[in-house]
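Note sheet for the following structure.
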Amino acid sequence: MRILSISIFCLLLSLNSTKAQKPIYLDVNQPIEKRIENALSLMTLEEKVAMCHAQSKFCSKGVPRLGIPEVWMTDGPHGIREEVFWDEWSGAKWTNDSCTAFPALTCLAASFNPEVSHLYGKSIGEEARYRNKSVLLGPGVNIYRTPLNGRNFEYMGEDPYLSSRMVVPYVQGVQENGVAACVKHFALNNQEKERFTVNVEASDRALYEIYLPAFKAAVLEGKAWSIMGSYNQFRGQHCCHNDLLLNRILKSDWKFDGVVISDWGGTHDSDQSVNNGLDLEMGTWTDGLTTKGTSSYSSYYLANPFLQGLKSGKYNEKLLNDKVSRLLRMIFRTTMNTDRPYGKFISPEHSEAARKIAEQGIVLLRNEHQTLPIPVGKYKRIAVIGENATRSLVIGGGSSSLKVAYEVSPLEGLTKKYGIETIVYSKGYSSEITENNAKSKLAADSLIQAAVEVVRNADAVIFIGGLNKNYFQDSEGDDRKSLALPYEQDRLINALLTANKNLAVLICSGNAVEMPWLSKIPALAQVWYLGSEAGNAIANILSGEVNPSGKLPFSFPKKLEDNAAISFGKISYPGDGKKEEYKEDILVGYRWFDTKKITPLFPFGFGMSYTTFEMTKAITDKTIFTSDDVIKLVVNVKNTGKMKGSEVVQAYISEIKPTVLRPLKELKAFSKIMLDAGEVKQVELNLPVKDWAFYDEKATGWKINPGRYTINIGTSSSDIRQRVNVQIKK
Ligand code: BGC
4 MRILSISIFC LLLSLNSTKA QKPIYLDVNQ PIEKRIENAL SLMTLEEKVA
54 MCHAQSKFCS KGVPRLGIPE VWMTDGPHGI REEVFWDEWS GAKWTNDSCT
104 AFPALTCLAA SFNPEVSHLY GKSIGEEARY RNKSVLLGPG VNIYRTPLNG
154 RNFEYMGEDP YLSSRMVVPY VQGVQENGVA ACVKHFALNN QEKERFTVNV
204 EASDRALYEI YLPAFKAAVL EGKAWSIMGS YNQFRGQHCC HNDLLLNRIL
254 KSDWKFDGVV ISDWGGTHDS DQSVNNGLDL EMGTWTDGLT TKGTSSYSSY
304 YLANPFLQGL KSGKYNEKLL NDKVSRLLRM IFRTTMNTDR PYGKFISPEH
354 SEAARKIAEQ GIVLLRNEHQ TLPIPVGKYK RIAVIGENAT RSLVIGGGSS
404 SLKVAYEVSP LEGLTKKYGI ETIVYSKGYS SEITENNAKS KLAADSLIQA
454 AVEVVRNADA VIFIGGLNKN YFQDSEGDDR KSLALPYEQD RLINALLTAN
504 KNLAVLICSG NAVEMPWLSK IPALAQVWYL GSEAGNAIAN ILSGEVNPSG
554 KLPFSFPKKL EDNAAISFGK ISYPGDGKKE EYKEDILVGY RWFDTKKITP
604 LFPFGFGMSY TTFEMTKAIT DKTIFTSDDV IKLVVNVKNT GKMKGSEVVQ
654 AYISEIKPTV LRPLKELKAF SKIMLDAGEV KQVELNLPVK DWAFYDEKAT
704 GWKINPGRYT INIGTSSSDI RQRVNVQIKK
């Protein structure tokens, strides 16, 4: 007994002493800044430098001696990328890394629903956490500048306000899991063509009013823990080490305390990387584990050249300590956060989330004679045509390509919904036929002919086409070559119409496409890339079990030259090989169409429902405001149809007599509400007047002119139902 109590006493003593010896950096009860300071004081110069660059394709070094873990990163932004080999892009063939694919970010933006964005962030963050990643390389918030950009599908559309409202909850949702969101690509990375070299020249107004707001919101409101520099140059300096963007705007003006990570291979210079705000260099080059040659990890710009420069006194250690502090801060917030949840992977909740996001983002663009919905049992025979009805749309597209646990194709979803005896399928076109020769024409003709035969005997036709994730489509690395649908889909659609006019067209894409057949088809929906639950979401919308409520996050031009950037010629897009001038300036997207009075094919914010809505009695709490006020606007919305549905109330402001060029309208508030048939709700929108400012280039700051403004309330940028005039006084 005595021996036992002595040993218990000794054990307690030893536990106590271990506790007392715990170094500050490991003590989670200590303030993070103190832990950082302590860890830094224990590290050698070599250990610190080793943290500032990659040690493999997706991971950077920790400090093994001190138990400080490596940083593991993953793409992003639609699901967790498969594991790859240490030094390579290719998959490592693990069998436990097949993820849930969530819809592409264009679809998320089209939901116009910040709550759904939070659900997205939380769910994908859980998957990242489960897979033990510290950093999720996403979301992407580069502005949709032209419909040719191969990566638009990874972004949140053309409007800085919409993308700002949508990015914040995504970032917060991810980070609730103790996983850092890495908001990308900072900044002005609006095309893939010549992305590594193009030097963007844009005015301060375009920069601050259009291209930076979503990043700013992600940093200041979302409190993002990391950000990714982009490949392109801005004003002559690569964005991964751009003094203006990283030091002055991000770190000084916005007080960003997280890590700037380079895009993979976006670093080009040691001096600039050291001095201009880059913290972690990734993907510069690799040549295998065994090589100690000139292109191994130790030769990165922030590796040996950095170390030598520090030793010789060329670089100040303060700069190194700042970088390492940021990395440690991120590690303490993520991997070394002992409170972080455990995450979840391919859970039923994630499937549910993916489906819900998809359903909220599908946009109904045309519906003559109530062609849609098609209730189950309405028709005996429904023809489904098009390669995208069966093709995987989560594979390809570059770094966002996913290895998924499952993907319900549109054909599978529709077959499950309507029954195998109702659905009949024909491919209609093939992405394999790309040659322009007689043999290919014959192959295309026979696919068309077969599809026409199938639709001839059907009661209704659902065509599922659009783009895909191939190179020169919706894909990283280059841009689309034209606005038109590829693979002779226009010819196919026209041929189908000759045999059956009851045709609904579904476009899978992350970009606007040309639609020469639009007036001839009765129904059209934009269905994006919807991920694992694509088929189920599409079937729920088409059958009417779910009422569509998505709104376009970018304008569809009638023809390519109607797009602002493209209308100014090569120097404005894609650039002259060296430089690219953003000549349209602040008039991006609907700001251009509105101001220049060009009618788009479909305007920003547009999307129909199976029911109808009426908006009346918009009023503000006062009529005269100061720039510090938050205007409260209320408007009555009534569901005037027969089906429950959601509408997005959108408020755009116009300055009546601006002193500088201002777009005719700018989105400054929106709210998505659900109404039962016949129900009326009063919707309240809050409009902080400070958000109405323009960037005054002369004064280098934001400015609100006193005077008259109109708040336009509507259901899209061109369907304004109510107007309220207000006065802003000095
Ligand atoms: C892409 C990034 C991506 C990174 C890692 C780059 O090519 O531009 O968005 O996160 O690769 O895969």
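Residues in the sequence shown are numbered from 4 upward in steps of one, following this note's numbering.
Ideal Cβ placement from N, Cα and C applies to all residues, glycine included.
- Beta-bridge annotation (DSSP): residue 76 is paired with 138.
- The same chain holds no residue with a CB closer than 6 Å to that of residue 302 once the five nearest residues on each side in sequence are set aside.
- Taking C-alpha positions only, residue 97 is separated from residue 136 by approximately 16 Å.
- With contacts defined as CB atoms closer than 9 Å, residue 411 and residue 567 fail to qualify as a contacting pair.
- The beta carbons of residue 636 and residue 659 sit no closer together than 9 Å.
- Distance from the CA atom of residue 390 to the CA atom of residue 433, rounded to whole angstroms, is 6 Å.
- Taking one beta carbon from each stretch, the region 223-237 and the region 591-608 have fewer than 3 pairs nearer than 8 Å; the two do not touch.
- Rounded to the nearest whole angstrom, the C-alpha separation of residue 651 and residue 617 is 12 Å.
- A direct Cα-to-Cα measurement between residue 176 and residue 450 gives close to 45 Å.
- Taking a contact as a CB-CB distance under 8 Å, the pair residue 186 and residue 131 does not count as one, their CB atoms being some 14 Å apart.
- Secondary structure in the region 258-337: the alpha helix (DSSP H) runs of 4 residues or longer, each lying completely within the stretch, are 273-278, 307-314 and 320-336 in chain order.
- Bridge partners of residue 705 according to DSSP: 698.
- The beta carbon of residue 244 sits closer than 6 Å to the beta carbons of 275, 276, 279 and 281 from its chain, once the five residues preceding and following it are set aside; these are given in chain order.
- In this structure, residue 517 has its CB at a distance of at least 8 Å from all heavy atoms of ligand 1.
- Nearest to residue 482 by alpha-carbon distance, out of 192, 142 and 55, is 192.
- For residue 691, the enclosing beta strand (DSSP E) has its first and last residue at 683-691.
- Taking one beta carbon from each stretch, the region 106-120 and the region 155-164 have 3 or more pairs nearer than 8 Å; the two touch.
- Between the region 493-504 and the region 343-359 there are fewer than three C-beta pairs closer than 8 Å, too few to call the two in contact.
- Looking at the backbone, the Cα of residue 686 and that of residue 634 are separated by about 13 Å.
- Straight through space, the alpha carbons of residue 92 and residue 474 are spaced by roughly 17 Å.
- Around the Cβ of residue 372, a 10 Å sphere holds fewer than 16 other Cβ atoms; the residue is exposed.
- With a cut-off of 8 Å on Cβ pairs, the region 701-710 is not in contact with the region 666-673, counting fewer than three such pairs.
- Residue 657 places its beta carbon 9 Å or farther from that of residue 708.
- Shown here for residue 212: same chain residues with a beta carbon closer than 8 Å to its own, the five before and five after excluded, namely 163, 589, 697 and 698 in chain order.
- Counting C-beta pairs with one atom in each stretch, the region 201-219 and the region 310-320 have fewer than three that are closer than 8 Å, which means they do not touch.
- According to the DSSP secondary-structure assignment, residue 437 is paired through a beta bridge with no residue.
- Annotated as distal: residue 611 and residue 414, with beta-carbon spacing of 9 Å or more.
- Residue 448 and residue 299 have their alpha carbons spaced roughly 52 Å apart.
- Three or more pairs of CB atoms, one per stretch, sit closer than 8 Å, so the region 378-390 contacts the region 464-474.
- Per DSSP, the beta-bridge partners of residue 202 are 236 and 582.
- Taking 9 Å as the cut-off, the beta carbon of residue 582 is found no closer than this to the beta carbon of residue 145.
- For the region 612-664, the continuous beta strand (DSSP E) assignments of 3+ residues that do not extend past its boundaries occur at 616-623, 633-642 and 648-658, in sequence order.
- Pairing residue 330 with residue 235, the inter-Cα distance amounts to about 24 Å.
- By a beta-carbon distance limit of 8 Å, residue 43 contacts residue 328. Their separation comes to about 7 Å.
- 365 is the residue among 247, 104, 365 and 479 whose C-alpha sits nearest the C-alpha of residue 549.
- Judged by beta-carbon spacing, residue 143 lies within the 9 Å limit of residue 159, meaning their Cβ atoms are closer than that value.
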